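Chains as they are written, first to last, in the working numbering: chain G, 77 to 281; chain H, 77 to 281. Written out below as structure tokens is the structure these notes cover.
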């Protein structure tokens with residue numbers, strides 16, 4: 077497929093320019109590698125376009141993405157110093173969201189942390205606080221029933237303006253992929269850990 | 077699978093530390109989105125680990141990845157200014173490789189440009205010039221028979237030191253995926269262009 081050439085032109089009454097500003101909801105799912113990595117790669121592109129980026133990591137221990145975090149925050153500093161690119165925020169459930177107290181460690185607390193994360197995101201979407209959201213591993217609290225999928229889909233569908241949202245993780249609920257504009261499944265064909273290899277510095281973490 | 081815990085421990089006589097330094101050959105293939113994007117996401121992680129990064133784009137027109145290119149080159153400037161992260165080089169076949177003259181536009185010239193790109197990469201691998209190579213859309217000149225797959229596999233297999241290589245593109249030849257440590261297939265489940273939408277600034281480009 078030649079890049080940038082739609083297969084059909086929709087009868088939606090929009091101009092090309094308006095269509096270029098349509099917000100995208102993307103879901104990277106499946107058993108394979110690269111779901112989060114591709115989301116952060118998209119964030120690099122968004123940064124260059126000057127978009128305001130916010131990452132929300134829905135994982136208890138966030139140590140495995142310190143490379144992406146450090147690099148995205150380096151890009152934020154570069155933006156602050158030179159005006160290049162856009163601002164970047166990085167929020168982690170694993171250490172307790174910065175905007176709430178969260179310190180106990182039961183499953184119910186994790187569920188409540190996840191819900192608190194989603195409430196904050198919903199609020200920011202409503203206020204159009206950012207242009208590009210990464211909801212990393214957000215499928216898990218949905219899959220586990222901690223957060224109501226229908227409410228998430230409704231909030232995403234009705235979000236105002238041109239806010240892009242990328243959601244990653246296995247077991248993406250059907251209602252979510254149905255609402256998404258772009259869904260990619262990452263399939264593992266072969267992985268070094270199958271052969272007993274450890275994660276490589278600069279590669280896995 | 078708990079992250080970082082291999083399912084089996086290999087009987088290879090290596091220590092964990094040695095296994096952590098093993099070079100990785102990764103291939104991102106399939107019809108879906110995210111092959112290159114995930115490779116550049118990996119490069120972000122490599123940058124944070126201070127690795128020396130080189131990207132080689134095997135495409136005639138490289139305009140679609142200007143976002144990633146600008147961001148990676150911004151990271152290179154940050155490295156030069158502050159010592160953070162690692163250096164980044166970005167080479168494009170689309171404008172003629174910087175180290176050769178290339179200006180005509182026939183298919184045979186494209187094939188020769190691709191071969192010249194590969195020869196340079198093989199030379200750099202031999203000299204251990206970088207730590208992390210992205211060979212973006214390199215599967216196409218292999219698929220089209222412009223570059224000999226067996227020679228590529230042999231060069232990659234025998235590369236010295238701990239040089240990581242990530243190759244992207246559809247139609248990855250079986251000999252290549254067989255030699256790879258990590259193979260991921262990106263499957264398109266749904267794409268906005270199916271609905272006639274144009275590429276979005278900051279998202280598609």
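Where a beta carbon is used, it is the ideal one built from N, C-alpha and C, also for glycine. The model shown is predicted, which means the values in this text are computed figures rather than measured ones.
Distance between residue j and residue i (C-alpha atoms, nearest Å)
| i | j | result |
| --- | --- | --- |
| residue 233 of chain G | residue 198 of chain G | 11 Å |
| residue 255 of chain H | residue 260 of chain G | 25 Å |
| residue 250 of chain H | residue 191 of chain G | 45 Å |
| residue 80 of chain H | residue 115 of chain H | For residue 80 of chain H, the predicted structure reports a pLDDT of 48, less than 50, and the residue's modelled location is therefore unreliable. A value from the coordinates is still provided. If you take the alpha carbons of residue 80 of chain H and residue 115 of chain H, they lie about 20 Å apart. |
| residue 223 of chain G | residue 107 of chain G | 22 Å |
| residue 132 of chain H | residue 189 of chain G | 42 Å |
| residue 215 of chain G | residue 253 of chain G | 11 Å |
| residue 135 of chain G | residue 213 of chain G | 7 Å |
| residue 149 of chain G | residue 128 of chain G | 13 Å |
| residue 240 of chain G | residue 257 of chain G | 10 Å |
| residue 100 of chain G | residue 210 of chain G | 12 Å |
| residue 112 of chain H | residue 109 of chain G | 13 Å |
| residue 102 of chain G | residue 243 of chain G | 6 Å |
| residue 202 of chain H | residue 219 of chain H | 24 Å |
| residue 227 of chain G | residue 173 of chain G | 21 Å |
| residue 231 of chain H | residue 200 of chain H | 11 Å |
| residue 157 of chain H | residue 221 of chain H | 42 Å |
| residue 147 of chain H | residue 166 of chain G | 18 Å |
| residue 176 of chain G | residue 153 of chain G | 25 Å |
| residue 98 of chain H | residue 229 of chain G | 43 Å |
| residue 155 of chain G | residue 155 of chain H | 15 Å |
Short CB-CB distance (under 8 Å) between residue i and chain G
| i | result |
| --- | --- |
| residue 191 of chain H | no |
| residue 130 of chain H | no |
| residue 261 of chain H | yes |
| residue 116 of chain H | yes |
| residue 200 of chain H | no |
| residue 196 of chain H | no |
| residue 147 of chain H | yes |
| residue 78 of chain H | Reliability fails at residue 78 of chain H, whose pLDDT of 42 lies under 50, so the model's placement of it is uncertain and no value is given. |
| residue 252 of chain H | no |
| residue 232 of chain H | no |
| residue 211 of chain H | no |
| residue 152 of chain H | no |
| residue 108 of chain H | yes |
is_contact[residue i, chain H] using C-beta, thresh 8 Å
| i | result |
| --- | --- |
| residue 223 of chain G | no |
| residue 176 of chain G | no |
| residue 168 of chain G | no |
| residue 220 of chain G | no |
| residue 104 of chain G | yes |
| residue 156 of chain G | no |
| residue 235 of chain G | no |
| residue 173 of chain G | no |
| residue 264 of chain G | yes |
| residue 144 of chain G | yes |
| residue 125 of chain G | yes |
| residue 160 of chain G | yes |
| residue 255 of chain G | no |
Option nearest residue i by Cα separation, candidates the options
| i | options | result |
| --- | --- | --- |
| residue 151 of chain G | G:230, G:130 and G:185 | G:130 |
| residue 142 of chain G | H:229, H:142 and H:118 | H:118 |
| residue 171 of chain G | G:155, G:217 and G:186 | G:186 |
| residue 168 of chain H | H:154, H:155, H:193 and H:153 | H:193 |
| residue 195 of chain G | G:208, G:225 and G:207 | G:225 |
| residue 264 of chain H | G:104, G:215 and G:128 | G:104 |
| residue 120 of chain G | H:248, H:145 and H:243 | H:145 |
| residue 217 of chain H | H:235, H:248 and H:230 | H:248 |
| residue 205 of chain G | G:221, G:220, G:235 and G:228 | G:235 |
| residue 246 of chain G | G:262, G:154 and G:147 | G:262 |
| residue 238 of chain G | G:229, G:221, G:208 and G:153 | G:208 |
Coil, strand or helix - residue i by DSSP
| i | result |
| --- | --- |
| residue 212 of chain H | strand |
| residue 132 of chain H | strand |
| residue 195 of chain G | helix |
| residue 142 of chain H | helix |
| residue 264 of chain G | strand |
| residue 165 of chain G | strand |
| residue 219 of chain H | helix |
| residue 127 of chain H | coil |
| residue 256 of chain G | coil |
| residue 248 of chain H | coil |
| residue 101 of chain G | strand |
| residue 78 of chain G | For residue 78 of chain G, the predicted structure reports a pLDDT of 43, less than 50, and the residue's modelled location is therefore unreliable. A value from the coordinates is still provided. In the structure shown, residue 78 of chain G sits in coil (DSSP, three-state: anything other than H, G, I, E or B). |
| residue 206 of chain G | coil |
Cβ-heavy atom distance, residue i to the ligand SAH, below 7 Å
| i | result |
| --- | --- |
| residue 115 of chain G | The ligand SAH is absent from the structure shown, which contains no ligands of any kind. |
With contact counted as at least three CB pairs below 8 Å, one residue from each stretch, are the region 114-126 of chain H and the region 151-169 of chain H in contact? yes
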